[in-house]
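Contents: one structure, followed by commentary.
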């Protein structure tokens, strides 16, 4: 996927002025947070479950080598294959090789952000294999040559007319404006693809070393058809998505559904534990799991390790006051919102992703709803510190902060300087009570006035008061 | 941001504790009346209030800009300045929240870390200190006014400040709280965020201004001057007659100074004023 993160500020400005996008984002704001809150309020032990999930994930990450190897041997015992991919290119090549080994021409795909991360669709197309997205949102995006703007509601940036338009154009059918009819049309088209596909590719929300299983959760059932009908099922997932046991998995599923959509349980929870066994009525003949690293193993033991707990529920972006104004595309790469502002700099480099960890007010709402308690603001601050150390943040801001910090450590000079500034601003603004323009800080006065200070500083007034009371004969 | 582990209120309110006022740089420069109001309320609650001299800032602008070394230096200065008091209290959840993050700046086991933990244990946001520590009952006051309250993010999520200011406001006779929609959503200030990303910040503060207007209140209150200046600045740019004040000014019954961004002598607007402007 093309990296558009350096243009974050322009992207955001365009997004704010896009009436259709704003309408679509209004639906997000009105939907997810309220549903999550209601689901959480129905589960009194929710906070304890978060603590447990945090502990289990920490344990899994600290013992990742053990769990990965256990998972590999279990998958092999079950008759499947595990492939290790350290980079995006490795992952794509491995998947292509499997597809070619069975002469595949079309593959169906369940929803998977890891395949977005590795750029699988483009890669397969370049090698004459046609990937068909089967999640409704992803399918709509594929028809529009578009990309997800949200990790679980990929087409959240679109409105009904966008779908009507692209279906009529690409399916060559009369335009429909009824969501039900559009959905039926997509089902009809996708049925043929499900039957024709040579290979089915899905992601995995978790892998389970105990049983060598992977699991996907969907609300459409498309994942089940993707993975059971073709001869070959390829699971593409990343190394940190570990739920050590089925017992642990059930805890994560309870948290995931509630945090993501406010459901008690996602509609389809589908476990895959290897290829079709003798006596099975259906299932793939081959079962492959591609485990993608792509920088994750570097994060074990470093300042970003907490991020490896992420279960991709999207609660952080659903509750983010920045994401909910500008949508996911503005972030310019695969993962948007707070979790993306931590991951993207790791994956595409801080040079290109520099704006993202700064595009947060640190309001802390993301952390307060994260089911596995990832300290997202702290991790974004880690990137700000990296930029500061590497001197890659904008020089004007850096110099201003350094100058101000120096003054803050020289209180007499600080007070001398601030008393002049306070006096000047008071003189200019006290009649109206505010200033409408300033020689510096245009970012403030562009959209709002600056309230004028009240005469002298508090410390000056306090010193005068003390001085007077000392001078008064008792 | 999870609520600070250092917040532990004593079971019984302390008798005449020695309290240092943490003024905060914004209150010092822009709105001294908030500091005077804080002192008045703390004294009414029985505290012996001192104002350590030559205060500057908590260091948060440096911390959130990634300048960790500068932050450590500023923190050490404050660790020294505020070491000798029973409590350190300030009219800001954001700055006091920063004091609660000082331990993160230093290696566990170091003297700095130990001192930082000591400071964090006694650092309180003013409304939380008055209610949670001092169990303060407001003196009988009367204000016929409809207000709405903005929950500033750091106070809310780092220090658990939400019910405390409302509890105090509820003791003011004649005062009515009209809660606005999304009271706990960020106003878009975010320190340097509002300068770095003015367009996004503007949309956030516009939403906040609209929600505050729609509450039908005459006055918008909050506990952090940064957010209050952001919201007042937006409201005034839109020529709104909704007044904005720090909650402590109202609680201390110190409303002589004009409201934030307001010209002297501007009267309080009538209740349920409908402006009907478009955001």
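Protein chains in written order, with the numbering used here: chain A, 1 to 474; chain B, 1001 to 1279.
From the three backbone atoms N, C-alpha and C, an ideal C-beta is built for every residue, glycine too.
Next item on the list: Quick one: give me the first and last residue of the beta strand (DSSP E) that residue 269 (chain A) is part of.
Entry: For the purposes of this step, residue 269 (chain A) is taken as residue 269 along the first chain, with counting starting at 1. Looking at the DSSP string, the run of the beta strand (DSSP E) that includes residue 269 (chain A) is 268-272.
Checklist line | Beta-carbon proximity check, residue 286 (chain A) vs residue 236 (chain A), cutoff 7 Å | finding: To locate residue 286 (chain A), count along the first chain from 1; it is residue 286. To locate residue 236 (chain A), count along the first chain from 1; it is residue 236. Pairing residue 286 (chain A) with residue 236 (chain A) gives a Cβ-Cβ distance that is not under 7 Å.
Next item on the list: Please report how far the alpha carbon of residue 1093 (chain B) lies from the alpha carbon of residue 1020 (chain B), in whole angstroms.
Entry: Reading the second chain from its first residue, position 93 is the one you call residue 1093 (chain B). Reading the second chain from its first residue, position 20 is the one you call residue 1020 (chain B). Residue 1093 (chain B) and residue 1020 (chain B): Cα-Cα distance of roughly 16 Å.
Next item on the list: In the DSSP assignment, find the beta strand (DSSP E) that holds residue 131 (chain A) and state where it starts and stops.
Entry: The count along the first chain starts at 1 and reaches residue 131 (chain A) at position 131. Here the beta strand (DSSP E) through residue 131 (chain A) covers 130-133.
Check: Quick one: what does DSSP say residue 1007 (chain B) is sitting in, helix, strand or coil?
Finding: As a first step, residue 1007 (chain B) is located in the second chain; it is residue number 7 there, counting from the start. Judged by DSSP in its simplified three-state form, residue 1007 (chain B) adopts coil rather than helix or strand.
Next item on the list: For the beta strand (DSSP E) containing residue 1124 (chain B), list its first residue and its last residue.
Entry: Locating residue 1124 (chain B) in the second chain gives position 124, where the first residue counts as 1. Its beta strand (DSSP E) spans residues 1123-1125.
Next item on the list: Going by CA-CA distance only, name the one from A:128, A:5, A:6, A:157 that's closest to residue 19 (chain A).
Entry: Walking along the first chain from the start, residue 19 (chain A) turns up at place 19. Closest option to residue 19 (chain A), Cα to Cα, is A:157.
Next item on the list: Please list, in chain order, all residues of the same chain as residue 328 (chain A) whose beta carbon is under 6 Å from its beta carbon, the five residues on each side excluded.
Entry: Position 328 of the first chain, counting from 1, holds the residue named residue 328 (chain A). Contacts found: 149, 150, 336.
Next item on the list: Can you say whether residue 482 (chain A) is buried or exposed, counting buried as having 16 or more other CB atoms within 10 angstroms of its CB?
Entry: The structure shown does not extend to residue 482 (chain A), since chain A is modelled only from 1 to 474, so the question has no answer here.
Item checked: Near-chain A residues of the segment 1017-1036 of chain B - C-beta to any C-beta below 7 Å -> Listed by position, the residues of the segment 1017-1036 of chain B near chain A (Cβ gap below 7 Å) are 1023, 1027, 1028, 1029, 1030, 1031, 1032, 1033, 1035.
Notebook entry, point to check: Using the beta-carbon count (16 or more within 10 Å), is residue 1246 (chain B) buried or exposed?
Noted result: Translated into the one-based positions of the second chain, residue 1246 (chain B) becomes position 246. A residue is called buried when at least 16 other Cβ atoms come within 10 angstroms of its Cβ; residue 1246 (chain B) meets this threshold and is buried.
Check: Under 7 Å Cβ-Cβ, which residues of chain B neighbour residue 409 (chain A)?
Finding: Taking the first residue of the first chain as 1, we reach residue 409 (chain A) at position 409. One finds 1073, 1074, 1077 in chain B with Cβ atoms closer than 7 Å to the Cβ of residue 409 (chain A), taken in chain order.
Notebook entry, point to check: Can you list the residues of chain A that residue 1144 (chain B) reaches, using a CB-CB cut of under 9 Å?
Noted result: In the second chain, residue 1144 (chain B) corresponds to position 144, counting from 1. Chain A residues near residue 1144 (chain B): none, gap ~24 Å exceeds 9 Å.
Next item on the list: Leaving aside the five residues before and after residue 1010 (chain B) along the sequence, list all residues of the same chain whose C-beta is less than 7 Å from its C-beta, in chain order.
Entry: For this step, residue 1010 (chain B) is matched to residue 10 along the second chain. Hits under 7 Å: 1133.
Notebook entry, point to check: Excluding five sequence neighbours on each side, which residues of the same chain lie with their C-beta closer than 6 Å to the C-beta of residue 1279 (chain B)?
Noted result: Stepping through the second chain from its first residue, residue 1279 (chain B) is reached at position 279. For residue 1279 (chain B), the pLDDT reaches just 38, beneath the cut-off of 50, and the residue's location in the model is therefore unreliable, although a value from the coordinates is still provided. 1206, 1210, listed in sequence order.
Notebook entry, point to check: Heavy atom of the ligand SAH less than 6 Å from the Cβ of residue 287 (chain A), yes or no?
Noted result: Because no ligand of any kind appears in the structure shown, any question about the ligand SAH cannot be addressed here.
Note to self: Do residue 408 (chain A) and residue 1057 (chain B) count as a contact pair if the criterion is CB distance below 7 Å?
What the structure shows: Along the second chain, one-based indexing puts residue 1057 (chain B) at 57. Along the first chain, one-based indexing puts residue 408 (chain A) at 408. Cβ atoms of residue 1057 (chain B) and residue 408 (chain A): closer than 7 Å.
Checklist line | residue 213 (chain A): contacting residues in chain C (beta-carbon distance under 9 Å) | finding: Of the protein chains in this structure, namely A and B, none is chain C.
Note to self: One question on the structure: do residue 291 (chain A) and residue 342 (chain A) come within less than 7 Å of each other, judged by their Cβ atoms?
What the structure shows: Position 291 of the first chain, counted from the first residue, corresponds to residue 291 (chain A). Position 342 of the first chain, counted from the first residue, corresponds to residue 342 (chain A). No; because the gap between Cβ atoms is not below 7 Å, this pair is not in contact.
Item checked: Buried versus exposed, by CB contacts within 10 Å (16 or more), residue 440 (chain A) -> The count along the first chain starts at 1 and reaches residue 440 (chain A) at position 440. Exposed, because fewer than 16 other Cβ atoms sit within 10 Å of the Cβ of residue 440 (chain A).
Note to self: On a Cα-Cα basis, can you pick out the residue from B:1253, B:1172, B:1026 that is closest to residue 1090 (chain B)?
What the structure shows: Here residue 1090 (chain B) refers to the residue found at position 90 when the second chain is read from its first residue. Checked all of B:1253, B:1172, B:1026; the closest Cα to residue 1090 (chain B) is B:1026.
Item checked: Spatial distance of residue 295 (chain A) from residue 125 (chain A) (CA atoms) -> Within the first chain, the letter at position 295 stands for residue 295 (chain A). Within the first chain, the letter at position 125 stands for residue 125 (chain A). Distance between the alpha carbons of residue 295 (chain A) and residue 125 (chain A) is about 25 Å.
Next item on the list: For residue 336 (chain A), decide whether its Cβ has a neighbour in chain B, counting only Cβ atoms nearer than 7 Å.
Entry: Taking the first chain and counting its residues from 1, one reaches residue 336 (chain A) at position 336. No, no contact with chain B.
Check: For a contact meaning CB atoms closer than 7 Å, what does residue 387 (chain A) contact in chain B?
Finding: Locating residue 387 (chain A) in the first chain gives position 387, counting from the first residue. In chain order: 1066.
Next item on the list: Examine the Cβ distances between the segment 353-367 of chain A and the segment 296-309 of chain A and report whether three or more of them are shorter than 8 Å.
Entry: no
Margin query: At a CB distance below 8 Å, what residues from the segment 1046-1060 of chain B approach chain A? Give them in sequence order.
Written below: When CB distances to chain A are screened at a threshold of 8 Å, the residues of the segment 1046-1060 of chain B falling below it are 1051, 1053, 1054, 1055, 1056, 1057, 1059, in chain order.
Item checked: Backbone CA spacing between residue 445 (chain A) and residue 437 (chain A) [nearest angstrom] -> On the first chain, residue 445 (chain A) is found 445 positions in, with the first residue counted as 1. On the first chain, residue 437 (chain A) is found 437 positions in, with the first residue counted as 1. Answer to the nearest angstrom: the Cα atoms are 6 Å apart.
Next item on the list: Please list, in chain order, all residues of the same chain as residue 1214 (chain B) whose beta carbon is under 8 Å from its beta carbon, the five residues on each side excluded.
Entry: Residue 1214 (chain B) sits at position 214 when you count from the first residue of the second chain. Cβ within range, chain order: 1180, 1181.
Notebook entry, point to check: Would a check of beta-carbon distances place residue 485 (chain A) closer than 7 Å to chain B?
Noted result: In this structure chain A extends from 1 to 474, so residue 485 (chain A) is not present and cannot be described.
Notebook entry, point to check: What does residue 550 (chain A) reach in chain B if we use C-beta pairs closer than 7 Å?
Noted result: Only positions 1 to 474 of chain A appear in this structure, which leaves residue 550 (chain A) out of reach.
Checklist line | Coil, strand or helix - residue 475 (chain A) by DSSP | finding: The displayed coordinates of chain A run from 1 to 474. Any statement about residue 475 (chain A) would go beyond what the structure contains.
Notebook entry, point to check: DSSP on residue 194 (chain A), reduced to helix/strand/coil?
Noted result: In the first chain, residue 194 (chain A) corresponds to position 194, counting from 1. Residue state, collapsed to three classes: helix.
Check: Taking any Cβ of chain B, which residues in the segment 34-56 of chain A have a Cβ under 7 Å from it, in chain order?
Finding: Contact residues of the segment 34-56 of chain A toward chain B are absent (C-beta to C-beta distance below 7 Å).
Note to self: Helix, strand or coil for residue 243 (chain A)? Go by DSSP, reduced to three states.
What the structure shows: As a first step, residue 243 (chain A) is located in the first chain; it is residue number 243 there, counting from the start. Note: residue 243 (chain A) maps to coil in three-state DSSP.
Next item on the list: For residue 1272 (chain B), collect the residues of the same chain with a Cβ closer than 6 Å to its Cβ; drop the 5 residues on either side in sequence, then sort them by chain order.
Entry: One-based indexing of the second chain puts residue 1272 (chain B) at position 272. Contacts found: 1216.
Check: So residue 266 (chain A) and residue 219 (chain A) are in contact, right, with Cβ under 8 Å, and what is the actual spacing, rounded?
Finding: In the first chain, counting from the first residue as 1, residue 266 (chain A) sits at position 266. In the first chain, counting from the first residue as 1, residue 219 (chain A) sits at position 219. Correct: roughly 6 Å between the Cβ atoms.
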